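Written below as structure tokens is the structure these notes are about.
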Amino acid sequence: MAQGASSPRRVPWIKRLFMSPGSRRRLAEAEAEAAAAGARRTVYVNIGLPPSALDGHGRAPQYPANQIRTAKYTVVSFVPKNLFEQFRRAANMYFLFLLILQFVPAVTTGSPGLSALALFTIVLLTMAKDGYEDSRRSASDREANRAPAAVLGNAWVNTNKPPAHFFRPRGIMRLLWSDSGAGGTVGGAGVGAVPAMAHSSDTDIGIDSGAWLQTEWRHLHVGDIVLLRDGDAVPADVLLLSTSEDDGSCFVETKNLDGETNLKAKTALPTTAHLASAQQLAQFACTVDAEPPTTQLYSFKGSLQVPSGS
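The sequence shown runs 1 to 310 under the working numbering.
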């Protein structure tokens with residue numbers, strides 16, 4: 001995020017109801033960026049969270065889930081939201097107005113039942129089309145969210161991970177009016193750019209002596225150490241710690257983000273490039289101070305600090 005970005009003006013909820021899905025999505029993104037402006041993430045690796053990193057209830061910071069949602073509707077919101085979207089269009093509002101006039105004896109020109117049947121048929125067919133398209137988006141979301149990933153496990157514990165019993169309530173307006181892409185991204189890919197599944201989705205990841213545990217993309221948390229092999233899709237925004245090369249280099253393809261198919265060279269920091277095994281990773285301690293997630297693809301500001309004596 002660019003420094004010094006101004007906060008968007010507060011939009012009344014009644015005005016939000018009449019905004020297009022694209023406008024609501026852009027407004028939500030602008031509000032999220034404004035809320036994150038100036039805030040930074042501090043991730044602790046093999047270091048207990050200090051009291052300053054806890055909230056007023058002594059709990060660790062709660063980060064958004066690594067789960068993508070491009071579907072527009074939910075089971076609860078489909079009928080009311082779809083009807084609202086349809087009758088917000090000028091053509092449907094016009095035909096609805098004419099239908100209402102058919103029930104006024106002084107101005108009726110035909111059978112109100114036939115007019116209602118025609119409008120009902122159009123609305124029903126449009127609703128069926130929208131429901132089918134949204135079901136395809138939901139299926140694509142599930143495929144991406146359930147893609148396999150390998151994380152460091154065994155005796156290693158991610159101190160940034162919230163407790164399993166933690167529950168965060170969701171507002172009814174968010175349940176009913178969450179737009180496409182509001183749930184976040186997978187691998188930095190935006191709406192309509194779900195990454196292709198890696199080859200490991202059809203086979204076992206190959207757990208290394210019990211050190212690496214198999215999980216799903218949606219279950220990844222901030223602070224997890226992820227194992228990636230040749231050809232794997234990147235499941236989230238990650239910091240490169242080490243590779244199989246001595247100099248810590250690797251090549252990545254970013255066509256899911258910017259459409260470019262050429263490989264880009266990435267190199268791990270010299271401080272972490274020597275970490276060649278799961279045991280070394282499990283014993284390595286550091287803190288990572290980084291900017292919050294942004295829409296900037298080509299810039300990243302952060303620092304990695306290793307405690308003295310580590």
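In this text, a Cβ means the ideal position worked out from N, Cα and C, and glycines have one as well. Because the structure is a prediction, the values reported are computed rather than measured.
- Take Ala211, set aside five residues on each side of it, and the residues of its chain with a beta-carbon closer than 6 Å to its own are Asn154, Ala278, in chain order.
- Under the three-state reduction of DSSP output, Asp289 falls in the strand class.
- Contact between the segment 274 to 290 and the segment 249 to 260 is absent: fewer than 3 CB-CB pairs across the two stretches fall below 8 Å.
- In the assembly as shown, Ile68 is a buried residue. Its beta-carbon has 16 or more other beta-carbons within 10 Å.
- Arg40 and Phe300 have their C-alpha atoms spaced approximately 12 Å apart.
- Looking from the CA of Ser244, the closest CA among Val234, Asp237, Arg229 belongs to Arg229.
- Going by DSSP, Ser249 is part of the beta strand (DSSP E) stretching over 249 to 253.
- Shown here for Leu297: same chain residues with a beta carbon closer than 8 Å to its own, the five before and five after excluded, namely Gly188, Thr254, Leu257, Asp258 in chain order.
- For the pair Ala150 and Gly58, the Cα-to-Cα distance works out to about 30 Å.
- Ala106 carries a coil assignment under DSSP once its states are collapsed to helix, strand and coil.
- Within the same chain, and ignoring the five residues on either side of Lys264 in sequence, the residues whose Cβ sits closer than 8 Å to its Cβ are Phe251, Val252, Glu253, Thr254.
- Three or more beta-carbon pairs separated by less than 8 Å are not found between the segment 122 to 140 and the segment 101 to 114, which leaves the two stretches without contact.
- DSSP places Lys72 in the coil class of the three-state scheme, outside both helix and strand.
- Taking the Cα positions, Gln280 is about 28 Å away from Pro292.
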